[in-house]
Amino acid sequence: MPAEESRQHQPPVPPPRVIAWELTRRCLLACGHCRAAAGLQDAGGDLSTGECLRLLDNIASFAQPILILTGGEPMLREDLCDIAAHARRSGLHPVLATCGALLDDKSAGGIVRAGIEAVSVSLDGATAASHDAFRGREGSFASAVGGIESARQAGLRVQVNTTVTQDNVDELPAILDLAAKLGATTFNPFFLVPTGRGASLTGRQLSAEEYERALNWLVKLNRRDIQIRVTCAPHYQRVLRQGGAAGTGPGGCLGGRAFAFISHRGEVQICGFLDIECGNLRAESYDFRRIWETSEVFGRLRRPESLGGRCGRCEYRIVCGGCRARAYQATGDYLAEEPLCAYQPSGSAETRSQGMDRKVTGAAGLDATDRRLLTILQAELPLARRPADILAERLGTTAEEVLARISSLKETGFIRRIGAVFEPARLGYVSCLSAGRVEPERLEQVAQAVNALPEVTHNYARRHEYNLWFTLTAKSPQRIAQAVEDLARATGVDFRLLPSLATYKINAVFALDGSPPPPRKLTRQSGAEGSSGTAGMTKDQQRLIGVLQGDLGVSRQPFDAVAASLGWTVERVIRQVSDWLASGVIRRFGAVAAHRRLGFVANGLAVFAVPEARVGSVGQRLADMAEVSHCYRRQPFPGWRYNLFAMFHGRGEDEVQARVDAAAREAGVMNYDVLFSTVEYKKTSARFIGEEPAGP
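10 is the number of the first residue of the sequence shown in this note's numbering; add one for each residue after it.
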């Protein structure tokens with residue numbers, strides 16, 4: 010298809026990563042800041058249990074998001090656990106947002122059995138006097154604290170939310186200390202958006218300058234005992250970068266791009282604070298996917314050039330985007346500039362480009378214990394009921410200190426996730442590398458179309474004539490070929506496939522303590538490992554894979570919740586993981602690190618043209634190098650002569666280039682090149698369990 014015609018085609022829409030679902034507007038409280046104006050009186054129109062399950066099936070057909078079950082008070086629904094259990098069985102990740110009043114030891118146990126992974130409870134004051142005054146009900150502080158304690162006792166991860174206004178902004182340090190003392194893993198300030206009943210508090214929201222001071226305080230925190238996350242202040246991502254820290258999470262305002270809100274009546278919105286209906290699930294036969302992919306409102310938010318005022322000119326518009334609900338509340342236009350942002354953008358195209366892609370990196374802020382812990386944790390999470398105890402013994406510290414450090418490493422972006430890295434071939438899957446030549450002005454658009462393919466796990470821009478490189482994982486080579494063919498037809502780009510003929514090394518472990526990474530060299534010919542894949546596994550084993558391919562989170566006993574969700578013993582879970590490691594179903598079980606954040610900012614794909622008789626020996630030699638994480642023999646294509654690929658990492662391009670040059674000289678290879686990555690568009694783990702998307 011000609012490139013001119015392809016521009017008329019819209020790229021595929023990436024599935025949502027987070028959905029907040031208001032199950033009901035009934036609530037035990039009637040807080041003054043509530044966007045839903047919730048209360049004891051039934052607002053009517055709640056989706057029935059059957060409607061909820063039908064909706065979950067539709068979501069699971071194309072996405073595996075975190076599903077925030079909220080309200081009102083969702084625990085007032087008698088079918089809450091049925092809904093959560095169905096979501097978990099479908100491959101979704103349910104979490105619960107509650108005021109805590111109904112959360113006791115018994116209900117917390119039921120929540121764990123239903124597969125809910127975490128709960129959030131609000132504390133808007135550090136004392137009973139200030140919290141109860143904010144909430145307007147005596148005793149709400151005691152019930153919230155009691156709920157947190159029951160949740161922690163049941164093994165749930167706890168997030169403490171705080172709605173920030175002028176009334177409690179000065180109390181934030183004390184609330185944070187209390188959250189940490191109660192054992193919360195995350196502290197999440199919600200900056201007030203005065204909608205719903207909260208409209209009466211418009212005069213109590215922070216000024217732009219007060220927001221800036223509060224966000225700078227959060228950025229400068231160096232807490233190892235609790236993660237910091239911020240909601241309804243997307244300019245936190247700008248402040249992070251201005252302060253020399255890497256951005257956390259996927260970006261600022263995610264509404265319509267990675268996040269959606271579903272009301273208790275089935276209305277789909279950008280978020281719960283922006284009361285603009287993007288579609289009605291009942292009217293659309295519970296087809297959330299159709300609304301997500303075709304809503305005009307969502308479509309506008311996916312185009313950063315749609316933003317107005319300072320947001321439209323801002324060099325941080327991709328990573329921030331401004332609060333669309335606050336813009337709508339202030340102006341009636343959800344695309345208008347964020348009214349409570351003090352930043353004045355430069356507005357130049359050059360600066361915008363630098364601001365979008367800049368990533369401040371480096372592990373200089375990590376002490377020796379952090380470096381040793383992260384090196385060990387990349388290689389393996391100890392397979393024991395309390396792995397932190399074993400890590401603490403190896404590091405000469407306490408389990409509490411280990412957990413606090415891991416939480417900090419995750420929150421600051423050094424750790425992407427903790428879980429299993431599976432071997433696709435052992436599960437009946439195949440992987441393939443693809444490359445394309447894209448006009449520079451279209452690179453961002455085409456990259457987003459590539460990201461939208463569920464088969465794509467990694468996607469990079471590289472400095473070369475072939476400037477877009479991505480990896481796909483699917484159940485067959487035919488499916489990969491069809492997906493790339495459809496992509497080429499939609500974008501007008503002639504993508505090329507480079508299937509692997511032999512694998513010499515896969516070991517993305519970055520040593521930070523001076524020790525060499527553990528060996529994980531391979532010599533495997535393509536197709537040499539026959540496997541029945543997941544078809545030869547029990548349903549429970551497949552469900553375990555579904556859990557382990559995600560993030561175990563940070564917990565003293567991380568396998569307990571996994572075992573409870575399957576109805577297994579913890580010992581059985583650990584034994585199964587150990588067996589899969591021994592047989593190669595799991596390559597590695599531990600932390601997946603963000604190598605750029607660690608200071609390995611130069612990522613060079615070295616490609617060599619090696620005579621057929623020598624390609625195996627040269628591949629083995631490259632696999633011996635600590636700075637090489639992956640090494641493959643690949644099938645060339647017409648016009649591309651390189652048949653051996655090795656991924657080199659270093660702290661600068663000069664360093665990487667020198668190492669590649671030395672390796673080529675030592676191996677006697679004259680024809681080679683290095684393709685340095687310039688933008689990381691997508692990096693995620695392949696998902697092997699769950700209903701596959703329709704089509705190829």
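We put the beta carbon where it would ideally sit given N, CA and C, even for glycine. Computed from a predicted model, the values in this text were never measured in an experiment.
What is the rounded straight-line gap between the Cα of residue 595 and the Cα of residue 119?
Distance between residue 595 and residue 119, taken at the CA atoms: about 31 Å.
Put residue 705 into one of helix, strand or coil per three-state DSSP.
Low confidence applies here, because residue 705 scores a pLDDT of 24, under 50, leaving its location unreliable and the question unanswered by this model.
Rounded to a whole number of angstroms, what is the C-alpha to C-alpha distance between residue 266 and residue 302?
10 Å
In terms of residues, what are the limits of the beta strand (DSSP E) holding residue 638?
Boundaries of the beta strand (DSSP E) around residue 638: 637-643.
For residue 124, count the other beta carbons within 10 Å of its own beta carbon; 16 or more makes it buried, fewer makes it exposed. Which is it?
It is buried - the Cβ of residue 124 has at least 16 other Cβ atoms within 10 Å.
Would you identify the three-state DSSP class for residue 234, choosing helix, strand or coil?
coil
Just to confirm before moving on: does the CB-CB distance between residue 63 and residue 295 stay below 7 Å?
yes
Suppose only complete runs of 4+ residues qualify. What are the alpha helix (DSSP H) ranges in the stretch 132-184, listed by chain order?
Residue ranges of uninterrupted alpha helix (DSSP H) with 4 or more members, entirely inside the stretch 132-184 and ordered along the chain, are 137-144, 149-162.
Look at the Cβ atom of residue 262, then the Cβ atom of residue 332, and state whether they are nearer than 7 Å.
yes
Could you check whether residue 166 and residue 194 sit closer than 7 Å to each other, using their CB atoms as the reference points?
The answer is yes: Cβ separation under 7 Å.
Going by DSSP, which residues form a beta bridge with residue 295?
Residue 295 pairs with nothing; no bridge assigned.
Looking at the structure shown, is residue 685 part of a helix, part of a strand, or coil, going by DSSP?
Here residue 685 sits in strand by DSSP.
Quick test of your reading: residue 135 and residue 184, contact by CB under 8 Å. State the CB separation rounded to the nearest angstrom.
5 Å
I'd like the list of long-range same chain contacts for residue 706, defined as Cβ closer than 8 Å, with 5 residues on each side in sequence excluded.
Lying before the first or after the last residue shown, residue 706 is absent from the chain, which here runs from 10 to 705.
Within a Cβ cutoff of 6 Å, which residues of the same chain sit near residue 661, ignoring the five residues on either side of it in sequence?
611
Could you give the DSSP three-state label for residue 481: helix, strand or coil?
In the structure shown, residue 481 sits in a strand (DSSP, three-state: E or B).
For the stretch 63-73 against the stretch 39-53, are there 3 or more C-beta pairs whose distance is under 8 Å?
Verdict: no, contact absent.
Which two residues bound the contiguous alpha helix (DSSP H) that contains residue 195?
It is not in any alpha helix (DSSP H) - residue 195 instead sits in the beta strand (DSSP E) that spans 195-200.
Considering only DSSP beta bridges, list what residue 31 is partnered with.
BP columns for residue 31 point to 79.
Once DSSP output is grouped into helix, strand and coil, what is the label at residue 441?
strand
Span of the beta strand (DSSP E) holding residue 468?
465-471
With DSSP as the reference, label residue 112 as helix, strand or coil.
Coil, per DSSP.
Taking 7 Å as the cut-off, decide whether the C-beta atoms of residue 152 and residue 110 are in contact.
Cβ distance < 7 Å, so residue 152 and residue 110 count as in contact.
Is it a yes or a no for the stretch 337-345 touching the stretch 221-239, going by three-plus beta-carbon pairs under 8 Å?
Note that the stretch 337-345 does not touch the stretch 221-239; fewer than 3 beta-carbon pairs, one per stretch, sit closer than 8 Å.
Can you list the alpha helix (DSSP H) stretches of 4 or more residues lying completely in the stretch 576-608, in chain order?
Listed in chain order, the alpha helix (DSSP H) runs fully inside the stretch 576-608 are 579-592, counting runs of at least 4 residues.
Does residue 148 pass the burial test, meaning 16 or more other C-beta atoms within 10 Å, or should it be called exposed?
exposed
Please name the residue, chosen from 665, 674, 271, that lies closest to residue 685 on a Cα-to-Cα basis.
Ranking the options by Cα distance to residue 685, first place goes to 665.
Pull up the CB-CB distance for residue 107 and residue 83, whole angstroms please, since I reckon it's below 8 Å.
6 Å
Do you know whose CA, among 492, 515, 191, 32, lies nearest residue 430's CA?
515
Which partner residues does residue 1 have in the DSSP bridge list?
Lying outside 10 to 705, the shown extent of the chain, residue 1 is not represented and no answer is given.
Is it buried or exposed, residue 449, if we count other Cβ atoms within 10 angstroms and call 16 or more buried?
exposed
Can you give the beta carbon distance from residue 188 to residue 169, rounded, assuming they're within the 8 Å contact cut?
Indeed they touch by this definition, with Cβ atoms about 4 Å apart.
Per DSSP, what kind of secondary structure is residue 271 in: helix, strand or coil?
strand
Comparing alpha-carbon positions, which option in 154, 600, 652 lies nearest residue 1?
What is shown of the chain runs 10 to 705, which leaves residue 1 out entirely.
Run through DSSP, which three-state label would residue 52 get?
Residue 52 sits in coil when the DSSP states are folded into three classes, being neither helix nor strand.
Within its chain, find whatever has a CB closer than 6 Å to the CB of residue 143; leave out the 5 residues flanking it on each side and keep chain order.
133, 134
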